[in-house]
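Q: Would you mind keeping the following structure in view while I ask a few things?
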């Protein structure tokens, strides 16, 4: 039976040591004033240090977020594999785009473009040009194509074309 002459203790004085440690650890956690979990500085702290508990709380919270993210990605992989693949490779795709832009590799032809370039193309028709010498006509040995009076004219090689205004 309590003594009626004594005053009851104040509630703050009745807190157990664990509650005080928890409050101090929460304060250290919110302020960020604690070493990294498992570091040399963390290992050197006493077991009842609020900073030690705050670091353990921080590590537990980070682990909770890690596991939640893994579960989200696993669910996405099962429900929509294409979306999961896009999310998993997004960083690599961004890095590849930056590398291509930096190295200007977009101007280098791709393998498909090179294959297309190697395909035979139709031959261009042989056409003589003004102020240029005549050219040999393909498939007609001994014949040359001349540009006379604005027209393409085929003549044997030994035959000299008559030009306008030439002195006779």
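Numbering (this note's numbering), first residue to last: 1 to 168. Backbone N, C-alpha and C define an ideal beta-carbon position, used for all residues, glycine too.
#1: I need the DSSP call for residue 51, collapsed to helix, strand or coil.
#2: Using a Cβ-Cβ cut-off of 8 Å (strictly less than) and excluding sequence neighbours within five positions of residue 146, which residues of its own chain qualify?
#3: Looking only at C-alpha atoms, which of 92, 110, 38 and 140 sits nearest to residue 53?
#4: Could you name the residues of the same chain whose beta carbon sits closer than 7 Å to that of residue 36, not counting the 5 residues immediately before and after it, in chain order?
#5: Using a Cβ-Cβ cut-off of 6 Å (strictly less than) and excluding sequence neighbours within five positions of residue 138, which residues of its own chain qualify?
#6: Would you mind working out which of 24, 63, 60 and 64 sits nearest residue 51, comparing C-alpha positions?
#7: Quick check on residue 167: buried or exposed, where buried means 16 or more other Cβ atoms within 10 Å of its Cβ?
#8: Could you tell me if residue 63 is buried or exposed, where buried requires 16 or more neighbouring beta carbons within 10 angstroms of its beta carbon?
#9: If you reduce the DSSP assignment to three classes, tell me which class residue 167 lands in.
A: Quick look at the numbers:
#1: helix
#2: 128, 134, 152, 153, 154, 155 and 161
#3: 38
#4: 42 and 55
#5: 126
#6: 24
#7: Any reading at residue 167 needs caution, since the residue's pLDDT is 47, under 50, leaving its predicted position unreliable; the model's value is listed next. Exposed is the call here.
#8: exposed
#9: Unreliable placement is indicated for residue 167, whose pLDDT of 47 sits below 50; the coordinate value is still reported in the next sentence. It is coil, neither helix nor strand.
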